[in-house]
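Working notes for the structure below.
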Amino acid sequence: MSGPTTTSGRSGGSRRPTLTGRLARVGFADISRSASLLADPDLAFLLDGGRAPGADAPDGGVDPASVVDDELLAAFGAAADPDLALLQVVRLAGALRPDLEARGPLVDVARRTLQPGQARDRLLAVLGASVALGDDVVRRPALLEVVADPTPGTGVDVRDVRAELLRAVGADPDGAVPVADQAGPERVDALRRAYRERILRIAATDL
1021 MSGPTTTSGR SGGSRRPTLT GRLARVGFAD ISRSASLLAD PDLAFLLDGG
1071 RAPGADAPDG GVDPASVVDD ELLAAFGAAA DPDLALLQVV RLAGALRPDL
1121 EARGPLVDVA RRTLQPGQAR DRLLAVLGAS VALGDDVVRR PALLEVVADP
1171 TPGTGVDVRD VRAELLRAVG ADPDGAVPVA DQAGPERVDA LRRAYRERIL
1221 RIAATDL
């Protein structure tokens, strides 16, 4: 008489789904690339509170299962493009690496923003929907403060937006004819940054 069989050939207990299976289940499309990104040491350093990469993997690399749990994968899966959202978070982690090693203030902002909650939902929604806005956040990680700010970006009085942009170039919003406090490319860049911040705030609210 043959011995007892188990479902799917398993010898008792339930087997944890593979990483690729977990990625597919929550909506990732480029499974192999995303699995590789989850093993990025900068991402591990950001998400894992600074624990040394390689602490959990026998080959000295990063074990994604020890850093990214199902809850975080599901949060990525809620983005319009989970693969893009993950890629941009990994790029952000790389951009933050100097601050990570120096325990700079932006690291705390990034880690708080990536904790479960509305700030993380807003961040991943933006990163998974717009390459351009994601690139802005990677270039200027301080923009995480904008994403984390719960102040709505929509329904804002146009006069307040006007004043915000004028102040960015050193102009007095209450002046009869507001003029930037100086001419030149620096003020053009300042206006461009203020405009992109406003677009980011709108997207973080609306997506």
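Residue numbers (the numbering used here): 1021 to 1227. Even glycine gets a Cβ: it sits at the ideal position worked out from N, Cα and C.
Where does residue i land, buried or exposed, given buried means 16+ other C-beta within 10 angstroms?
i, result
"residue 1091", "exposed"
"residue 1217", "buried"
"residue 1208", "exposed"
"residue 1056", "exposed"
"residue 1180", "exposed"
Going by C-alpha to C-alpha distance, which of the options sits closest to residue i?
i, options, result
"residue 1227", "1199, 1186, 1173", "1173"
"residue 1065", "1107, 1121, 1179", "1121"
"residue 1171", "1138, 1124, 1068", "1138"
"residue 1164", "1206, 1140, 1176, 1093", "1140"
Can you tell me which of the three DSSP states residue i falls into?
i, result
"residue 1193", "coil"
"residue 1088", "coil"
"residue 1138", "helix"
"residue 1101", "coil"
"residue 1149", "coil"
"residue 1108", "helix"
"residue 1198", "coil"
"residue 1225", "helix"
"residue 1118", "helix"
"residue 1040", "helix"
So, are the CB atoms of residue i and residue j less than 8 Å apart?
i, j, result
"residue 1095", "residue 1148", "no"
"residue 1047", "residue 1118", "no"
"residue 1133", "residue 1166", "no"
"residue 1211", "residue 1188", "yes"
"residue 1162", "residue 1112", "no"
"residue 1107", "residue 1088", "no"
"residue 1130", "residue 1153", "no"
"residue 1051", "residue 1063", "no"
"residue 1193", "residue 1183", "yes"
Here's a check: name, in chain order, each residue in its chain whose Cβ is nearer than 6 Å to the Cβ of residue i, leaving out the five neighbours to either side.
i, result
"residue 1185", "1214"
"residue 1201", "1190"
"residue 1169", "none"
"residue 1158", "1111, 1112, 1115"
Just to confirm my understanding: we take residue i, look at its own chain, exclude 5 residues before and 5 after, and list those with CB closer than 7 Å. What are they?
i, result
"residue 1105", "1096, 1099, 1144, 1147, 1148"
"residue 1150", "1223"
"residue 1142", "1167, 1224"
"residue 1198", "1186, 1191, 1192"
"residue 1156", "1163, 1216, 1220"
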